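Numbering (my numbering), first residue to last: 37 to 477. Note that CB positions come from ideal geometry on N, CA and C, so glycine has one too. If you're wondering where the values come from, they're calculated on a predicted model, not measured in any experiment. Beneath this line is the structure, given in structure tokens, with notes to follow.
Listed below in structure tokens is the structure:
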């Protein structure tokens, strides 16, 4: 972008990169597909702001666009066909389908809906494919991580569950995949998809209780049948801070990795667990959130990193920019470079503003220790790290000749794209009112 160095300009100053091989999937149009409701503009704009901070890294890809067939690896054909056909201009003729597929208030129809789903899902799918083929050690898709979508319906701002589809791709090569979710909301769609299998272990840290969405994620939801005890939930209360979160996160993840021995990890980095989030009630700092990412990276296991929730847009952009720097092992300045979005980072214009709130930390040490003890007892119920028989690996994305797609390493100019902007696309402050198994393995 003209006149913008990006938050991560410093990453290019070194000839030798200490990090593992890392690929970032840049989803064009993500910031241009406006969703004209109170909170949803964040879904596109935050990716636009974040991507313009780090697109200049050495391995950035314009991703594959997922097809209807790709999406139907998890979702029903009727649901995906509906997403492909519905638009704001014809939605009045889809009244029954809108209700049947839970598309409406929290999951509105907007221009370019199917293209948006295709792009973020394709990015996660291609990231999984490149990990499978050992082309990279870490793949990042900040536009992905839509963990609420179900097999037959949309849910919680999520339409297509790119996480489940990405994990299904990983399972072609990996006997065990660990899914970790640090969004403030429970990763219910992913848990539901893999509830009956031991091939995927799901671990979700989230707010639970007081009718908080989606209302699932109790500590005693542990999986069933072959998947019993391969589902871990860490239900947290309001106001948890960095120290309390770390006290639970690191010991739990360490034990999970030790017991389960995953061959690949998928990490959902929803930024609505930050303090001052418009829909959140936690008190994590950007550094505290990033510490979770850094800890997961430290295991040196192939890693797919995804975005997720986050509704204070400027802090989401800060968070994912900072976490990208951690993943590539390069420190960046706290001072933000000038860009067309500079004014939205007022009044401090820094990468690490104070995002603490006055919400009291209701997570006592006794409560956290009780959760940890229960989780450790459940882990002891695992007899072994499951394995699978050797089989012929199905074809993946790299097997297809994508002659219809542009060069994936050619980012292109954003000036060529029109940029529709909803009336509430940007806002002035936090008080602004703009405000049976599902899969076969």
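Can you tell me whether residue i is helix, strand or coil according to DSSP?
i, result
"residue 371", "strand"
"residue 409", "helix"
"residue 418", "coil"
"residue 57", "coil"
"residue 281", "helix"
"residue 95", "coil"
"residue 317", "coil"
"residue 194", "strand"
"residue 167", "helix"
"residue 454", "Only weak support is given to the placement of residue 454: the predicted model assigns it a pLDDT of 47, under 50, and the question is left unresolved by the model."
"residue 310", "strand"
"residue 154", "helix"
"residue 207", "coil"
"residue 232", "coil"
"residue 432", "coil"
"residue 346", "coil"
"residue 404", "helix"
"residue 220", "coil"
"residue 395", "coil"
"residue 381", "helix"
"residue 202", "helix"
"residue 261", "helix"
"residue 296", "helix"
"residue 101", "coil"
Quick one: give me the first and last residue of the alpha helix (DSSP H) that residue i is part of.
i, result
"residue 357", "349-363"
"residue 107", "104-107"
"residue 132", "131-136"
"residue 326", "322-333"
"residue 9", "With the chain running from 37 to 477 in the structure shown, residue 9 is simply not present."
"residue 118", "113-121"
Around the C-beta of residue i, are 16 or more other C-beta atoms found within 10 angstroms, so that it is buried, or is it exposed?
i, result
"residue 156", "buried"
"residue 168", "buried"
"residue 280", "buried"
"residue 285", "buried"
"residue 62", "buried"
"residue 217", "buried"
"residue 347", "buried"
"residue 420", "exposed"
"residue 417", "exposed"
"residue 132", "exposed"
"residue 298", "buried"
"residue 105", "exposed"
"residue 79", "Residue confidence is low: residue 79 scores 48 on pLDDT, short of 50, so the model does not pin down where it sits. Its coordinate-derived value is still stated next. So residue 79 counts as buried."
"residue 190", "buried"
"residue 128", "exposed"
"residue 364", "buried"
"residue 382", "exposed"
Within the 9 Å Cβ cut-off, does residue i reach chain C?
i, result
"residue 118", "Within the model displayed, chain C is absent; a lone protein chain is all it includes."
Give me the DSSP bridge partner(s) of residue i.
i, result
"residue 340", "175 and 302"
"residue 161", "DSSP lists no partner for residue 161."
"residue 289", "Paired residue(s): none; residue 289 is not in a bridge."
"residue 238", "215 and 267"
"residue 63", "Residue 63 pairs with nothing; no bridge assigned."
"residue 252", "Paired residues: none, contrary to the question."
"residue 145", "Bridge partners of residue 145: none, in fact."
"residue 243", "272"
"residue 386", "371"
Could you pull the start and end residues of the beta strand (DSSP E) that residue i belongs to?
i, result
"residue 217", "213-217"
Grab me the residues of residue i's own chain with a C-beta within less than 7 Å of its C-beta, minus the 5 sequence neighbours each way, in chain order.
i, result
"residue 73", "Note that residue 73 scores 32 on pLDDT, short of 50, meaning its location in the model is unreliable; the coordinates nonetheless yield the value given after this. So the list reads 144, once near-sequence residues are dropped."
"residue 192", "142, 184, 221, 249 and 250"
"residue 429", "208 and 209"
"residue 412", "291"
"residue 433", "100, 161, 162 and 165"
"residue 240", "217, 222, 223, 227, 253, 269 and 270"
What residues in its chain sit with their C-beta under 8 Å from that of residue i, if we drop five residues either side in the sequence?
i, result
"residue 335", "293 and 301"
"residue 371", "385, 386 and 387"
"residue 57", "95, 171, 172, 173 and 174"
Take residue i and list the residues in its own chain whose beta-carbon comes closer than 6 Å to its own, dropping the five residues that flank it on each side.
i, result
"residue 273", "398 and 399"
"residue 118", "133 and 137"
"residue 322", "354, 355, 358 and 388"
"residue 225", "183, 184, 185, 186 and 197"
"residue 307", "346, 352 and 355"
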